[in-house]
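Colleague: The following block contains the structure, expressed as structure tokens.
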Amino acid sequence: ILNVEQSPQSLHVQEGDSTNFTCSFPSSNFYALHWYRWETAKSPEALFVMTLNGDEKKKGRISATLNTKEGYSYLYIKGSQPEDSATYLCASFSMDTGRRALTFGSGTRLQVQP
Amino acid sequence: EPEVTQTPSHQVTQMGQEVILRCVPISNHLYFYWYRQILGQKVEFLVSFYNNEISEKSEIFDDQFSVERPDGSNFTLKIRSTKLEDSAMYFCATSGALAGILGQFFGPGTRLTVL
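Sequence order for the protein chains is D and X.
1 is the number of the first residue of the first sequence in our numbering; add one for each residue after it.
1001 is the number of the first residue of the second sequence in our numbering; add one for each residue after it.
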């Protein structure tokens, strides 16, 4: 069974704090790791797609790293703002289940207090 | 910016009834997907669709479920005889290439409530 795990489950930070979340995934038959940002009542929005070991991607104050050998990815938010409040989902695209499909973690719910 | 849309946003139905959930993909996308999230659980893959046929499906996607693209634009998910456990948020997603490996665009979801 393919298990994608995220931690922490939820996080409350103050505006201006920097924070990071973890996504762990099985490293066999791996194709790509996706990070999505999901605000309530909106569509999950793709933040990053990473495929290569050692990949680092950045979009504004948000960045992500990928280690495919040990099966983990970190998402960092520098100087959190209230508008960063959302659920951050990671998903592994692999063949591990015998089919090519995304397997999601349970998400990290971030709340940024002004 | 192009986006995936879904209708209805909320559907309430009686157990045993048929429901059809609709999705309008981004216009030049070729791969289409359905996912669901039961309250408090992870988002789960249901099915992927390419070139007018199912390319992958999960164990959840049994004979009660079907997908089609009837008019070349809408992509639909039909549940023939709904059960209480089908209550969930259903997401449509689409991608342009490489079977969604390099990213998928999600719709806002349809919340299905089965009574």
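Beta carbons: idealized from backbone N, C-alpha and C, even for Gly.
1) Mind listing the chain X neighbours of residue 42/D? Cutoff is C-beta to C-beta under 7 Å, in chain order.
2) Do residue 1108/X and residue 41/D have their C-beta atoms within less than 8 Å of each other?
3) For residue 157/D, decide whether its Cβ has a neighbour in chain X, counting only Cβ atoms nearer than 8 Å.
4) Grouping DSSP H, G and I as helix and E and B as strand, with all else coil, what is residue 1018/X?
5) Is it right to say residue 1084/X is buried, meaning 16 or more other beta carbons lie within 10 angstroms of its own, or is it exposed?
6) If you measure beta-carbon to beta-carbon, which residues of the stretch 1002–1027 of chain X are closer than 8 Å to chain D?
7) Could you tell me the boundaries of the beta strand (DSSP E) in which residue 89/D lies?
8) Got a sec? Which residues, its chain only, sit under 6 Å from residue 1104/X by beta carbon, not counting five neighbours each side?
9) Thinking C-beta only, is residue 1004/X closer than 8 Å to residue 1026/X?
10) Closer than 8 Å by beta-carbon distance: list the chain B residues that pair up with residue 1032/X, in chain order.
11) Express the C-alpha separation of residue 37/D and residue 106/D in angstroms, rounding to a whole number.
12) At the level of alpha carbons, what is the spacing between residue 1021/X and residue 44/D?
13) Which residue spans inside the stretch 31–64 of chain D form an unbroken beta strand (DSSP E) run of at least 3?
14) Can you check whether the C-beta of residue 1066/X is within less than 8 Å of a C-beta belonging to chain D?
15) Under the assumption that residue 27/D contacts residue 69/D (Cβ atoms under 8 Å), give the Cβ distance between them as a whole number of angstroms.
16) Grab the span of the beta strand (DSSP E) containing residue 25/D for me, first residue to last.
17) With 8 Å as the limit, tell me which residues of the stretch 1080–1113 of chain X have their beta carbon closer than that to any beta carbon of chain D; keep them in chain order.
18) Taking the continuous beta strand (DSSP E) assigned at residue 4/D, which residues delimit it?
19) Whole angstroms are fine: how far does the CA of residue 1018/X sit from the CA of residue 32/D?
20) Round the Cβ separation of residue 24/D and residue 72/D to the nearest angstrom and send it over; I've been treating them as touching at under 8 Å.
21) Can you find a C-beta in chain D that's less than 8 Å from the C-beta of residue 1053/X?
22) What does a CB cutoff of less than 7 Å around residue 1028/X pick up in its chain, not counting 5 residues either side in sequence?
Modeller: On the basis of the data shown:
1) 1108
2) yes
3) A query on residue 157/D cannot be resolved here, the shown segment of chain D reaching from 1 to 114 and no further.
4) coil
5) exposed
6) 1003 and 1004
7) 86–94
8) 1093 and 1095
9) yes
10) Absent here is chain B; the protein component of the structure consists of chains D and X.
11) 13 Å
12) 18 Å
13) 45–50 and 56–59
14) no
15) 6 Å
16) Neither: residue 25/D is in no beta strand (DSSP E) and is coded neither H nor E.
17) 1091, 1099, 1100, 1101, 1102, 1103, 1104, 1105, 1106, 1107, 1108 and 1109
18) It is not in any beta strand (DSSP E) - residue 4/D carries neither H nor E in the DSSP assignment.
19) 36 Å
20) 5 Å
21) no
22) 1096
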